[in-house]
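**Q**
Residue numbers (the UniProt record's numbering): 1 to 1152.
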């Protein structure tokens, strides 16, 4: 039983909500009375028996048209409306939608159009726009009832836009009089549709009139008729009149900047405002204000001034609605960005100064928000007109807005902060040049605009503003961003206040303050910042308390685009002093103090990469600091990574040619140091060497090729020398040789090639891997020498790689496969034998344990397919089929080969899913389903992965022919193996159900296994509902099912090699969170009785544990209840409403 509407009282039986003879006939009775259609029972319809008879005669005399004739008529624009008219004018094309209407008003439109068309045709007319205009105007003049006039006026709005302007200008006087008479007759009780259509026609007549016509009093009188409807009581009519006036004023006659009617409109608006004001007749005033919101930017400056004066007078009357709407009118005017002829800079400034007298109280939220936004737009527009004049008025605006930070309403504080930031970015930033000139004047003093603005915002840090400190700090952030670079000296006092505030007890807005200080560092530079707020680290004392040490992390994150020399002149001596103190404390046995000072000197050195980020004085200063960096690299192992990072940033961020040239001049100094550091035998405490190698690679990009060749030759000699050299050093030297490969000439490449080729068959795994890395670098580099070498040695490389296949180790598979990938991309039709020869190796490598080797094998598999498609004559599909046939041959091999072959096929299906012919795809699926019946676990696993890929990546239409085979094949293989891979089977059916729907998937499965599919679907739906409910609770709102479970394209690796563990995938969000957070976790064990942990203690490492110390012994929890006799009570599962089979009623529990 479903109730139609709450509280109705009557109930309908199920399935009987649409009976043909209902007892209640309220709506049918209303229809007969004309309540719904709007046509009274005593009103005579135009759809009479005579009209129907004419309709039948027309259709009886119709001659069937051929297809060509019918097309020609359609192209000519002929259309029929309910068989009543054959109007051919395209202006009435929109009437076609009224063909089968049941509304009386739309039927009236069709009837009027039919009558007018008939009249025009009877008089031999050609149905032009002019003929329709004349006929409709005549009909409008003679119409008696409102329904007919509404239809005629609607048709007029359609045709008048297409009537030639010359006709409208000629018939302007008579046509406007007819329309005005109709407007006057129905102004009080006329329908909105009629009045809107008539106003649109009158507007169209007025818009096209020339300037001379507007000088006549009759035209002004007609326009006054239009203006009178701007204060009409009906909203739709009033809106239509407002739009008509706006359209008219923004379309002035040619040769004039403003429309001649602008003055008339302004005078009318002022008269209405003065007449009604803010008294009980304020409704009319609001209507006029609504009109002014649209047209004020279209008025000349003298009219704008008069209107604004009256608006400001209205704001003194105390009517909140009038005041808010007046402010909105000014806001709209400023937002429209009018020209100086409409709003001069002086008038703009006068309005701003006048608005200060109307600043509302901070307790009035709506009025205050309107005032704040209006002031923002007023200053933004004044900046556009005269930035200097705007800045002169800006300080007073900041002072007035600051009072809203004291308001109890957070909305006002947020609005004020947003406005202040906008004023800083729009107004202050565009006038920085003028402000800087004012400061340079001899009599500038401290009372300039920028002084006032900074003092005003600095006052926001006083305690009385503490409730809004978070927002004020955001404004100060913008102030530093805009004015920090131009006025660093003036901003110093604000910066000192910020840093003093940072040191107060439990300051709540540390993040906002740190961001503001960080912006000051970026714009003012570290030199100005540290001059204003010194770090205070150089004091001669044993005290380890440094109140401003918090600046060091902020400096590290924000230093850039500054002078490199400052670090070495100021910061480096400070770091040296701190290190000397650390050594002194170590010798004195004061480990804690030593650790503190050592940490501080390392923090200062960590600023170096920031100073190397686009420095402004590389050319001038690098020569004086290069030696210091070299010494730090050589002698300070604790600074090695920092200096390497600084050099990498310095080289990579340099964009000017002279900067790169200056840095490249010191390659002869730095590269030998880096080579020695990387190739040296590791010692205890040495940092990681990979950053050193990365630094070498970066510096080689700007090194002179001749110098690189010399280094390359020496490195080769050292590798080949018979001197005693450690195994590690030799391998490191090979890494450096590999890094230099893209920057040497072809002769050096030939020497290296001859050296590494014998190593391809070496028994030393590392040496063999380095040899393949050399070949990979040669084949992948884009340098001219490498491309030429590859082109000349292509055949030789193929032979060497084929011959070394048997001796290649597992560790060298990844570089070998990547090398083959680069070679295959350059092969043509003459190398088809090589392409087919490496297929078995590629297939087997897809089963490699190493992730990189497996990824390289899959990439080579696809590249090999593209290469064979280029070799095989014919279409791309034919080449793809030929390649698949070669790959499928692996299904006849060992179980390991079969598994690898299935993986290879799945990768090709994933890549070329839209190009494989349907017959071939059918054969692939059948072959894999046969393999699914294998007893080997790895074959079954690969086959299930293939099916997962096919179901996931193929579209529903392409997969539909194989749905039944897939569904039946998944459940008809070995029972024991299917139980072992039950989770994989579940995932496959979930994807099938998602692709085709539950019912379709159920029909594709044999009847004996349908229960399995049903249970999988039931479980999936339950988990889906739980997930939706959980997310809705967490987010505090309902979550749409489709949005929550939106499908997305998965990568091949996720599909084929994703987790197969049921426990890892079935537990929902909690398990997913564990997987995301997978990795080693450690805890710090706290001291007894909440004793704080001393991180400077040498034994602090003993407090780091791998087990959560908060966890005690695991308690056994029994989720089942126990009956009185000791038996477990296991609750029955909920029955799913989708269960197609009825089940017998179960008891409350099952006894075990």
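Virtual Cβ for every residue (Gly too), placed ideally from N, Cα, C. The structure displayed is predicted, hence computed values, not measured ones.
(1) With DSSP collapsed to three states, give me the class of residue 1016.
(2) DSSP three-state call for residue 72: helix, strand or coil?
(3) So for residue 1084, helix, strand or coil by DSSP?
(4) Rounded to a whole number of angstroms, what is the C-alpha to C-alpha distance between residue 876 and residue 869?
(5) Under a Cβ-count criterion, where at least 16 other Cβ atoms within 10 Å of its own Cβ denotes burial, should residue 514 be classed as buried or exposed?
(6) Excluding sequence positions up to five away, which residues of its chain have a Cβ less than 7 Å from the Cβ of residue 732?
(7) In chain order, which alpha helix (DSSP H) runs of at least 4 residues are fully inside the region 212-274?
(8) Mind pulling the beta strand (DSSP E) runs of 3 or more residues that sit fully within the region 709-773?
(9) To the nearest angstrom, how far is it from the Cα of residue 480 to the Cα of residue 516?
(10) Check whether the region 856-875 touches the region 785-803, taking contact to mean three or more Cβ pairs, one atom from each stretch, closer than 8 Å.
(11) According to the Cβ coordinates, are residue 301 and residue 341 closer than 8 Å?
(12) Determine, using beta carbons only, whether residue 227 and residue 207 come nearer to each other than 8 Å.
(13) In whole angstroms, what is the alpha-carbon distance linking residue 617 and residue 658?
(14) Hey, could you find the ends of the alpha helix (DSSP H) residue 419 is sitting in?
(15) For residue 240, I'd like the list of residues in its chain whose CB is within less than 6 Å of its CB, leaving aside the five on either flank, ordered along the chain.
(16) For the region 482-501 and the region 521-530, state whether three or more C-beta atom pairs, one from each stretch, are separated by less than 8 Å.
(17) Does the beta-carbon distance from residue 288 to residue 231 come in below 8 Å?
(18) Please give the ranges of any alpha helix (DSSP H) in the region 508-533, keeping only runs that are unbroken, at least 4 residues long and fully inside the region.
(19) For residue 394, would you say it is in contact with chain C, using Cβ-to-Cβ distances shorter than 8 Å as the test?
(20) By Cβ distance below 6 Å, which residues in the same chain neighbour residue 810 in space, the five residues on each side in sequence not counted?
(21) With distances taken from CA atoms, which of 699, 652 and 655 is nearest residue 670?
(22) Decide if residue 326 is buried, meaning its Cβ has at least 16 other Cβ atoms within 10 Å, or exposed.
(23) Nearest CA to the CA of residue 338: which residue from 250, 690 and 548?
(24) From residue 353 to residue 268, what does the alpha carbon distance come to, in whole angstroms?
(25) Can you tell me the Cα-Cα spacing of residue 121 and residue 229, whole angstroms?
(26) If you pair each beta-carbon of the region 143-152 with each one of the region 173-191, do three or more pairs fall below 8 Å?
(27) Using the rule of at least 16 other Cβ atoms within 10 Å of the residue's Cβ for burial, across every protein chain shown, is residue 334 buried or exposed?
(28) Using the rule of at least 16 other Cβ atoms within 10 Å of the residue's Cβ for burial, across every protein chain shown, is residue 945 buried or exposed?
(29) Considering Cα atoms alone, identify which of 837, 817, 383 and 933 is closest to residue 850.
(30) Hey, how far is the Cα of residue 153 from the Cα of residue 409?
(31) Give the secondary structure of residue 81 by DSSP, where H, G and I count as helix, E and B as strand, and everything else as coil.
(32) Would you mind giving the Cβ-Cβ distance between residue 827 and residue 835, rounded to the nearest angstrom? I have them listed as a contact below 8 Å.
(33) By a C-beta neighbour count over all protein chains shown, 10 Å radius and 16 as the cutoff for buried, is residue 713 buried or exposed?
(34) Rounded to a whole number of angstroms, what is the C-alpha to C-alpha distance between residue 493 and residue 532?
(35) Mind listing, in chain order, the continuous alpha helix (DSSP H) runs of no fewer than 4 residues lying wholly within the region 137-165?
**A** Concretely, from the data shown:
(1) helix
(2) Reliability of the predicted coordinates at residue 72 is poor, the pLDDT of 31 falling under 50, and no value is obtained from them.
(3) strand
(4) 6 Å
(5) buried
(6) 678 and 679
(7) Counting only runs of 4 or more, we get 217-228 and 235-249.
(8) Taken in chain order, the region 709-773 contains no complete beta strand (DSSP E) segment of 3 residues or longer.
(9) 7 Å
(10) no
(11) Taking the C-beta atoms as reference points, residue 341 is found nearer than 8 Å to residue 301.
(12) no
(13) 11 Å
(14) Start and end: 410-423.
(15) 196 and 199
(16) yes
(17) yes
(18) The qualifying runs are 510-524 and 526-532.
(19) Looking for chain C here will not work: only one protein chain is present.
(20) none
(21) 699
(22) Buried: at least 16 other Cβ atoms inside 10 Å.
(23) For residue 338, the nearest C-alpha among the options comes from 250.
(24) Our two residues, residue 353 and residue 268, have alpha carbons roughly 27 Å apart in a direct line.
(25) 37 Å
(26) yes
(27) Buried.
(28) buried
(29) 817
(30) 52 Å
(31) In this prediction, residue 81 has a pLDDT of 45, which is less than 50 and means its spatial position is unreliable; what the coordinates show is noted afterwards. Taken through DSSP and simplified to helix, strand or coil, residue 81 comes out as strand.
(32) 6 Å
(33) By the 10 Å Cβ count, residue 713 comes out exposed.
(34) 8 Å
(35) 146-159
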